[in-house]
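For reference, the structure discussed in these notes is given below.
Numbering (our numbering), first residue to last: 2 to 193.
And the structure:
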């Protein structure tokens, strides 16, 4: 990062200007009591779905003690503010329909959030395979229109990489990419 650039007019310190006694000191970390954490999490969970991992992560940043975190989490689970199965279903729906993610990427994201494998499997099994295949085809068609390529081989390679990066199954990606490349001007039989 360059340090020789001038600050913008709004952030520029004028000669003789005092920025106050706390100009260079870091802020104190704000902590919340378990009651405050419970109230804050109830508000957050009422607005949007949260997982138990999200709640624990927030409480750690708020400085809530470990045993108090478990009490607050139990209370949220008992009152159904947090339900990991419901969260997993909503996450799968959103990422599949709106973001165009595949099953592998969704599974990895949910596991990073601390959702149990059984809940992830149940949420992913609720997805219609035909809808999943249609979403893959749509995503690869969109990419094929915008991808710059010199040959059909290069186009197919780009489509396969893109499909895999979205978390779709390798065989399904190869099948759809091959079908899309067949519709181009130059044939490609030298790739799988």
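C-beta: ideal position from N, C-alpha, C; glycine also.
Item                                                                                                                                                                     : Value
Since residue 40 and residue 90 are thought to touch, with beta carbons under 8 Å apart, how far apart are those beta carbons, to the nearest angstrom?                  : Not really, about 27 Å apart at Cβ, beyond 8 Å.
Confirm, please, whether the CB-CB distance from residue 163 to residue 141 is below 8 Å.                                                                                : yes
Just mark residue 183 as buried or exposed, buried being the case when its beta carbon has 16 or more other beta carbons within 10 Å.                                    : exposed
Using the rule of at least 16 other Cβ atoms within 10 Å of the residue's Cβ for burial, across every protein chain shown, is residue 149 buried or exposed?             : exposed
With three or more C-beta pairs closer than 8 Å as the rule, is the segment 92-103 touching the segment 56-66?                                                           : no
Short of 7 Å in beta carbon distance, which residues of its chain neighbour residue 35, apart from the five on each side in sequence? Order them along the chain.        : 65, 69, 72, 73
Reducing DSSP to helix, strand and coil, say where residue 82 ends up.                                                                                                   : coil
Which value, in whole angstroms, describes the spacing of the CA atoms of residue 51 and residue 159?                                                                    : 35 Å
Who are the Cβ neighbours of residue 111 in its own chain at under 7 Å, not counting the five residues just before and after it?                                         : 89, 92, 121
Any Cβ of chain B within less than 8 Å of the Cβ of residue 112?                                                                                                         : As a matter of chain content, chain B is missing from the structure shown, which is built from one protein chain.
For residue 115, I'd like the list of residues in its chain whose CB is within less than 7 Å of its CB, leaving aside the five on either flank, ordered along the chain. : 52, 53, 54
With residue 158 as the anchor, note down where its alpha helix (DSSP H) starts and where it stops.                                                                      : 153-166
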